[in-house]
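Colleague: I have a structure here, written as structure tokens, and I will follow up with some questions on it.
Chains as they are written, first to last, in the UniProt record's numbering: chain A, 1 to 388; chain B, 1 to 388.
Rendered as structure tokens:
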């Protein structure tokens with residue numbers, strides 16, 4: 001069943017208590033990899049002293065390949081689209097496997113520009129997204145407000161992206177934990193400080209920002225501050241779509257949950273602390289209330305900051321660690337860890353089992369940073385898309 | 001030693017375990033009354049299931065008779081001035097008695113108007129305050145910034161009030177608790193639901209909003225939302241004065257503490273819940289950052305709401321409960337509980353001991369609301385200033 005990468009894992013199968021796959025990190029990526037591997041019959045251990053305590057505990061859970069498609073990130077967008085396409089089946093399987101709802105919702109995303117300048121910025125991005133053939137439909141202000149009457153009367157325009165969905169990361173991660181455990185994964189509640197501490201045929205490093213110390217790869221923390229609001233009276237928020245808004249130059253998103261929660265985020269800061277600052281909260285609230293005035297009446301129930309695992313080219317790092325074919329890396333998902341969980345889990349599990357990398361993984365291999373001081377990046381290399 | 005109000009307390013002195021004075025409520029008012037009474041030799045019990053958990057846990061601690069002097073509240077202003085004048089000695093005695101610092105600071109308060117409209121509003125109030133003979137000096141923008149270089153360059157003007165000081169309520173209340181205990185007060189960690197549950201010669205009701213249910217007096221909760229920020233790096237804030245600011249129509253205050261904390265408040269809302277709302281946090285942060293731009297870099301460490309004990313005329317209720325000469329009321333301090341603690345404690349203790357009310361108390365007697373549907377108020381009655 002195990003393929004050629006690395007061949008040593010074949011013998012590993014015969015040792016009692018020796019895992020086929022050791023997953024370092026129990027965030028959504030590590031847990032999804034563990035679930036997929038265990039469900040396919042591999043013996044899996046998952047190593048983390050505090051499962052789900054990293055970036056996912058802060059994340060909003062937008063599944064937005066379209067609204068997040070950005071200039072110069074074509075190959076990342078392709079991966080996002082591929083993963084988003086897997087989400088409906090992934091969500092259904094996970095809900096079944098874990099016996100728990102994960103807040104997967106398919107109303108889609110509205111892109112909204114508040115001022116003329118905001119609309120100009122959003123429209124430029126919209127044209128780029130349409131040029132890639134992504135499904136996104138421009139909407140006039142009246143059409144926006146027909147879809148979401150709670151939007152500010154002064155919004156100047158926007159668009160609808162029907163395939164940009166959402167999930168609740170705080171339900172997703174416990175569900176993945178349950179599903180992995182039910183599939184047979186064994187959890188080791190200890191932090192891994194060196195890869196030599198782990199004994200398995202293949203080690204998957206899904207340690208988020210912690211991957212830098214474990215692998216030497218250029219993963220750095222990118223701080224994000226985010227707020228959680230709650231509609232008063234225990235009712236659902238007064239809007240159903242995810243809102244991706246531009247408001248007086250501020251770019252924010254608003255994610256409504258059925259239980260009344262609204263996630264309002266997020267800053268992107270080159271900092272490694274997790275303090276919540278007055279200025280960030282002010283900017284998020286101002287943009288949020290300008291776009292959806294009723295938010296002013298909502299309870300502010302949480303202010304929190306997390307650290308995303310960023311890379312020099314903003315794309316994830318997926319594949320064998322250079323010089324260590326028994327170590328697969330699955331990190332650097334930056335702002336896209338939730339949406340990329342299904343494709344990452346499936347392709348890493350495939351790679352573990354078959355030894356053959358899916359072509360989708362080619363632009364994201366770890367060795368793309370070797371010898372390139374500031375990284376080449378998936379959209380900057382013309383060579384090297386063949387797996388070594 | 002006990003005077004004539006009520007005479008029954010004389011016999012109470014002879015019963016073992018029977019207190020001369022039972023204080024209901026262990027906020028700053030109740031604790032200060034208990035301390036002053038116990039220090040003068042009375043046997044005191046203090047009844048509260050959660051000392052210091054009311055409005056004082058949220059309060060900023062401004063001691064601002066001048067900056068808070070408001071139209072139509074002349075007699076309240078007189079009481080505020082009288083209490084503020086007692087603060088230096090009160091703070092010194094308390095620090096000595098409790099063996100703890102309480103964050104009493106005397107740099108004074110700057111009144112600041114951000115825009116022309118804000119300055120016009122502040123100037124109107126300033127003229128009123130000067131008309132009362134209060135010590136307050138107008139300052140030009142350059143003079144303001146000479147005193148506090150961190151103020152926004154665009155502030156349009158303001159004033160300096162040298163006698164408006166500050167204290168830290170979260171240090172004050174534990175210090176009062178210690179001082180009262182050291183003076184002999186006995187704490188009963190139970191809530192009082194009916195006055196009949198308390199057995200003492202005189203009962204002092206200092207229960208904040210809870211006084212309404214105990215006495216039938218028109219005390220209502222007035223919600224206040226407030227923020228606590230912290231200067232990054234563990235240093236003191238970049239300003240020393242209390243700032244009383246008007247910013248685009250929003251009235252806020254900023255209270256700097258030596259340990260880096262800045263209190264930014266506060267809303268005044270006719271609500272009885274203690275939820276923190278997005279709109280209130282937005283308004284406070286916007287006004288705060290507009291007045292002192294460096295606040296944007298500060299950590300936002302706490303968002304909290306409390307309930308002030310308000311009265312129909314915004315003035316406290318101090319004196320015997322109508323028909324119950326053995327029950328003295330000391331509540332309804334609204335936004336002024338901290339500054340009014342010394343005068344309240346001294347005059348209530350005097351009244352307990354001598355039976356003779358100080359003339360300062362006359363406008364604030366509980367019976368002023370009797371038969372007047374919405375209250376008469378200390379500045380609306382021309383009769384009845386003589387104690388009955």
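We put the CB at the ideal spot given by N, CA and C, even for glycine.
Suppose the cutoff is 7 Å on Cβ atoms and the five residues either side in sequence are ignored; what does the same chain contact list for residue 158/B look like?
Modeller: Around residue 158/B: 110, 111, 112, 113, 122, 139, 144.
Colleague: How far does the alpha helix (DSSP H) with residue 178/B in it extend, from its first residue to its last?
Modeller: 169-182 is the span of the alpha helix (DSSP H), which, as asked, contains residue 178/B.
Colleague: In chain order, what are the residue ranges of uninterrupted alpha helix (DSSP H) at least 4 long that sit wholly in the region 238-273 of chain A?
Modeller: With a minimum length of 4 residues, no continuous alpha helix (DSSP H) run stays inside the region 238-273 of chain A.
Colleague: Just the C-alpha distance for residue 126/A and residue 332/A, rounded to the nearest angstrom, thanks.
Modeller: So the alpha carbons of these two residues sit roughly 26 Å apart.
Colleague: Count the other CB atoms, across all protein chains shown, that sit within 10 Å of the CB of residue 272/B; report buried if there are 16 or more and exposed otherwise.
Modeller: Result: exposed.
Colleague: Roughly how many angstroms separate the alpha carbons of residue 338/A and residue 258/A, rounded to a whole number?
Modeller: If you take the alpha carbons of residue 338/A and residue 258/A, they lie about 19 Å apart.
Colleague: Straight-line CA distance for residue 54/B to residue 27/B?
Modeller: In a straight line, the C-alpha of residue 54/B is about 7 Å away from that of residue 27/B.
Colleague: Residue 161/B lies in the beta strand (DSSP E); which residues open and close that run?
Modeller: Per DSSP, residue 161/B belongs to the beta strand (DSSP E) from 157-161.
Colleague: Around the C-beta of residue 281/A, are 16 or more other C-beta atoms found within 10 angstroms, so that it is buried, or is it exposed?
Modeller: Per the 10 Å Cβ criterion, buried.
Colleague: Identify the contact partners of residue 286/B in chain A, using a Cβ-Cβ distance below 9 Å as the criterion.
Modeller: Residues of chain A passing the Cβ test: 282, 285, 286.
Colleague: Could you tell me the boundaries of the beta strand (DSSP E) in which residue 124/B lies?
Modeller: No beta strand (DSSP E) holds residue 124/B; the alpha helix (DSSP H) holding it covers 116-131.
Colleague: Does the separation of the CB atoms of residue 206/B and residue 100/B fall below 8 Å?
Modeller: Not a contact, by the Cβ cut-off of 8 Å.
Colleague: Three or more C-beta pairs closer than 8 Å, one from the region 301-313 of chain B and one from the region 181-188 of chain B: is that the case here?
Modeller: Judged by Cβ distances under 8 Å, the region 301-313 of chain B makes no contact with the region 181-188 of chain B, as fewer than three pairs qualify.
Colleague: Report the rounded CA-to-CA distance for residue 23/A versus residue 269/B, giving the unit in angstroms.
Modeller: Looking at the two C-alpha atoms, the distance is approximately 52 Å.
Colleague: Establish whether the CB of residue 276/B and some CB of chain A are separated by less than 8 Å.
Modeller: So, interface residue.
Colleague: Going by DSSP, what residues sit across from residue 398/A in a beta bridge?
Modeller: A question about residue 398/A goes unanswered here, because the residues of chain A that appear run from 1 up to 388.
Colleague: Go ahead and label residue 96/A buried or exposed: buried means 16 or more other beta carbons lie within 10 angstroms of its beta carbon, across all protein chains shown.
Modeller: Flag for residue 96/A reads exposed.
Colleague: Alpha carbon to alpha carbon, how far is residue 195/A from residue 369/A? Give it in angstroms, no decimals.
Modeller: Looking at the two C-alpha atoms, the distance is approximately 20 Å.
Colleague: Look at the alpha carbon of residue 8/A and the alpha carbon of residue 202/A, and state the distance between them as a whole number of angstroms.
Modeller: With a pLDDT of 40 at residue 8/A, under the threshold of 50, the modelled position of this residue cannot be trusted; read the value that follows with caution. Their Cα atoms are separated by approximately 9 Å.
Colleague: Less than 8 Å between CB atoms is the rule here; does residue 267/A satisfy it with respect to chain B?
Modeller: No, no contact with chain B.
Colleague: Nearest-angstrom Cα distance between residue 345/A and residue 151/A?
Modeller: Going by the C-alpha atoms only, they are around 37 Å apart.
Colleague: Please tell me whether residue 235/B has its Cβ less than 8 Å away from any Cβ of chain A.
Modeller: No, its Cβ sits nowhere closer than 8 Å to a Cβ of chain A.
Colleague: Using a 10 Å radius around the Cβ and a threshold of 16 neighbouring Cβ atoms, would you call residue 49/A buried or exposed?
Modeller: By the neighbour-count rule (16 or more Cβ atoms within 10 Å), residue 49/A is not buried but exposed.
Colleague: Just checking: is the beta-carbon of residue 14/B within a distance shorter than 8 Å of some beta-carbon in chain A?
Modeller: The pLDDT assigned to residue 14/B is 44, lower than 50, so where the model puts this residue is not dependable; a value taken from the coordinates is nonetheless given after this. No, residue 14/B lies away from the interface with chain A (no Cβ there is under 8 Å from its Cβ).
Colleague: If you check the beta carbons only, do residue 287/A and residue 260/A fall under 8 Å apart?
Modeller: No. Outside cutoff.
Colleague: Between the alpha carbons of residue 362/A and residue 169/A, how many angstroms are there, rounded?
Modeller: So the two alpha carbons sit approximately 27 Å from each other.
Colleague: I'd like the list of long-range same chain contacts for residue 218/A, defined as Cβ closer than 8 Å, with 5 residues on each side in sequence excluded.
Modeller: Here the set comprises 212, 311, 312, 369, 375.
Colleague: Residues in its own chain within less than 8 Å of residue 135/A by CB, not counting five upstream and five downstream?
Modeller: 66, 161, 162, 163.
Colleague: Report the rounded CA-to-CA distance for residue 334/B versus residue 317/B, giving the unit in angstroms.
Modeller: Between residue 334/B and residue 317/B, the C-alpha separation is close to 10 Å.
Colleague: Among 252/A, 167/A, 80/A, 187/A, which has the Cα closest to the Cα of residue 226/A?
Modeller: The shortest C-alpha separation from residue 226/A is found at 252/A.
Colleague: CB-CB under 6 Å to residue 32/A, same chain, minus the five flanking residues each way: which ones, in chain order?
Modeller: Once the five neighbours on either side are set aside, the close Cβ partners of residue 32/A are 176, 341, 345.
Colleague: Assuming the contact rule is C-beta atoms closer than 8 Å, residue 390/B and residue 204/B should be a hit. Round their C-beta distance to whole Å, please.
Modeller: Residue 390/B lies beyond the stretch modelled for chain B, which goes from 1 to 388, so this question has no answer here.
Colleague: Taking CB distances under 8 Å as the criterion, tell me whether residue 178/A reaches chain B.
Modeller: No, because no Cβ of chain B sits closer than 8 Å to the Cβ of residue 178/A.
Colleague: For residue 297/A, would you say it is in contact with chain B, using Cβ-to-Cβ distances shorter than 8 Å as the test?
Modeller: Answer yes: the Cβ-Cβ gap between residue 297/A and chain B drops below 8 Å somewhere.
Colleague: Considering just the uninterrupted stretch of the beta strand (DSSP E) at residue 369/B, what are its terminal residues?
Modeller: Per DSSP, residue 369/B belongs to no beta strand (DSSP E) and is neither H nor E.
Colleague: May I have the straight-line CA-CA distance separating residue 62/B from residue 209/B, to the nearest angstrom?
Modeller: When rounded, the distance between both Cα atoms is 20 Å.
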